[in-house]
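Here is the structure we will look at, set down as structure tokens.
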Amino acid sequence: MGIKTLLPFLKDVTENSYLDSFKGLVAAVDASCWLHKAIAISYSQFGDDRRVKEICNSYLDLLERNKIRPLVVFDGLPLPGKDRERDNRAMQRKQQQQKADQLRRSGKVTEARNALAAAAEINHDLVCGFIQTCRQKSIDYVVAPYEADAEIALLYEHAM
Numbered sequence: 001m002g003i004k005t006l007l008p009f010l011k012d013v014t015e016n017s018y019l020d021s022f023k024g025l026v027a028a029v030d031a032s033c034w035l036h037k038a039i040a041i042s043y044s045q046f047g048d049d050r051r052v053k054e055i056c057n058s059y060l061d062l063l064e065r066n067k068i069r070p071l072v073v074f075d076g077l078p079l080p081g082k083d084r085e086r087d088n089r090a091m092q093r094k095q096q097q098q099k100a101d102q103l104r105r106s107g108k109v110t111e112a113r114n115a116l117a118a119a120a121e122i123n124h125d126l127v128c129g130f131i132q133t134c135r136q137k138s139i140d141y142v143v144a145p146y147e148a149d150a151e152i153a154l155l156y157e158h159a160m
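Okay, so the sequence shown: first residue is 1 according to the UniProt record's numbering, each after it adds one.
Shown next, in the form of structure tokens:
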């Protein structure tokens with residue numbers, strides 16, 4: 001989920017760019033970020049994860065169209081120090097699932113789908129589907145020992 005205040009903190013040292021300015025380079029991608037975004041989109045449209053693989057594939061295609069070589073980095077084992085955070089997130093997902101059920105019963109379909117999107121989590125099948133897509137498209141990928149973002153930082157430090 002990341003650090004909620006990180007982007008505003010980095011505002012003064014970032015700049016907007018176009019994808020074509022990265023032509024010929026490698027882009028390390030945290031697979032969880034794309035999967036979370038794809039889940040949110042799919043659930044908000046259909047109330048389920050039917051489009052997740054298609055959406056992730058479109059992200060890969062976007063990089064490839066711009067001649068950027070993706071390196072997809074998947075999370076590995078759960079980080080032991082994040083047990084409490086994982087428990088909190090599970091509780092929040094359960095609350096969102098209950099909210100979605102209540103909204104659906106009252107006929108508020110759009111709101112229910114949005115709550116379902118917040119309740120959804122990345123599961124083994126979604127990760128395996130994304131890995132399968134990478135293999136089919138001959139996209140490089142790696143499974144980090146723990147967190148993908150730490151692995152990306154290490155890859156950057158060692159110039160991939």
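By construction, the Cβ of each residue, glycine as well, lies at the ideal position given by its N, Cα and C atoms.
Who are the Cβ neighbours of residue i in its own chain at under 7 Å, not counting the five residues just before and after it?
| i | result |
| --- | --- |
| A117 | I39, A40, Y43, S44 |
| L63 | A27, P70 |
| P78 | R86 |
| I68 | L19, F22, K23, L25, A27 |
Using only alpha-carbon positions, find the residue among the options that is nearest to residue i.
| i | options | result |
| --- | --- | --- |
| L25 | R51, A115, A112, P70 | P70 |
| I131 | D48, N16, V73 | V73 |
| C128 | P80, L6, K82, V143 | V143 |
| L103 | A112, E121, S138, Q96 | A112 |
| H36 | A153, A120, E157 | A120 |
| S58 | W34, G107, P80 | W34 |
| K108 | P8, G47, D12, L154 | G47 |
| L126 | H158, L60, K53, R135 | K53 |
| K23 | R89, R65, K94 | R65 |
Going by the DSSP bridge assignment, what does residue i pair with across the sheet?
| i | result |
| --- | --- |
| L35 | Looking at the DSSP assignment, L35 forms no beta bridge with any residue, so it has no partner. |
| Y146 | Paired residue(s): none; Y146 is not in a bridge. |
| P70 | A27 |
| Y141 | V72 |
What is the C-beta distance between residue i and residue j, in whole angstroms, given that I count them as a contact (C-beta under 8 Å)?
| i | j | result |
| --- | --- | --- |
| D49 | A148 | Contact doesn't hold; Cβ gap of about 20 Å is too wide. |
| G76 | Y146 | 5 Å |
| T110 | C56 | Not confirmed; about 24 Å, so no contact. |
| K99 | A115 | 4 Å |
| S32 | I122 | 6 Å |
| L60 | I139 | 6 Å |
Excluding the 5 residues preceding and the 5 following residue i in the sequence, name in chain order all residues of the same chain whose CB lies nearer than 8 Å to its CB.
| i | result |
| --- | --- |
| A150 | A144 |
| residue 223 | Coverage of the chain is limited to positions 1 through 160, which leaves residue 223 absent and any answer about it impossible. |
Less than 6 Å between C-beta atoms, sequence neighbours within five positions excluded: which residues of the same chain meet that for residue i?
| i | result |
| --- | --- |
| L155 | A28 |
| R51 | S42 |
Is any heavy atom of the ligand PLP found at a distance shorter than 7 Å from the C-beta of residue i?
| i | result |
| --- | --- |
| C56 | Within the structure as shown, the ligand PLP is missing, as the structure has no ligands at all. |
4-residue-minimum alpha helix (DSSP H) runs that sit fully inside the segment 114-139, ordered along the chain: Fully enclosed alpha helix (DSSP H) runs of 4 or longer: 124-136.
Tell me the start and end of each unbroken alpha helix (DSSP H) in the segment 46-110 that is at least 4 residues and wholly inside, in chain order. The qualifying runs are 52-65, 83-105.
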